[in-house]
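Sequential numbering of the sequence shown, starting at 5, is according to our numbering.
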Amino acid sequence: MAFPPVFSPIVACYEDILALSARMHEAAQGADWDTVTTLQQAYLAQVERLRQLDHDAPFSDAERMRRYQLLDRILTYDARIRDLALPQLKRLGDMLTSSRRQFELSAAYGATAGATSGATT
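Given below as structure tokens:
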């Protein structure tokens with residue numbers, strides 16, 4: 005009877021990051037950006053946990069292959085999430101630019117209108 009390989013805490017951490025990436029992608033597909041943001045915080049915490057693990061221990065060939073597979077899938081999800089988020093970020097940037105222009109015009113013409121009305125009294 006063959007047992008599945010036992011992987012290191014590093015590989016387990018990559019597994020957790022992959023699971024979070026998949027959930028973030030699913031939320032992004034549904035345009036649920038609040039959930040994406042919440043999951044991103046957990047994702048970043050896992051990445052920080054991964055950084056703190058001992059990376060000097062040798063890996064078996066099975067672990068090395070599994071890490072490669074996990075990283076490949078994580079990066080694929082990352083690219084897909086980015087592709088879904090970029091149009092939303094552009095739209096948000098356009099709204100902020102428009103809002104800033106309206107504020108600047110209001111400030112400029114409001115100051116001019118106040119100066120003009122003060123001169124006629």
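The C-beta atom is built at its ideal place from N, Cα and C for all residues, glycine as well.
Range covered by the alpha helix (DSSP H) that runs through residue i
i: D20; result: 13-33
Reduced DSSP category for residue i - H, G, I as helix; E, B as strand; rest coil
i: L57; result: coil
i: P91; result: helix
i: F107; result: helix
i: S64; result: coil
i: D38; result: helix
Distance CB(residue i)-CB(residue j) smaller than 7 Å
i: A155; j: V40; result: Examination of residue 155 is not possible in this model, given that the chain is present from 5 through 125 alone.
Residue i CB to nearest heavy atom of the ligand MG below 6 Å
i: F107; result: With respect to the ligand MG, the structure shown offers nothing to examine, as it has no ligands at all.
Item to check | Meets three-Cβ-pair contact criterion under 8 Å: the segment 61-80 and the segment 19-39 | outcome: Because the criterion of three Cβ pairs below 8 Å is met, the segment 61-80 and the segment 19-39 touch.
Checklist entry - Below 8 Å, can you find three or more Cβ-Cβ pairs linking the segment 98-109 to the segment 53-68? => result Too few Cβ pairs lie closer than 8 Å, so no.
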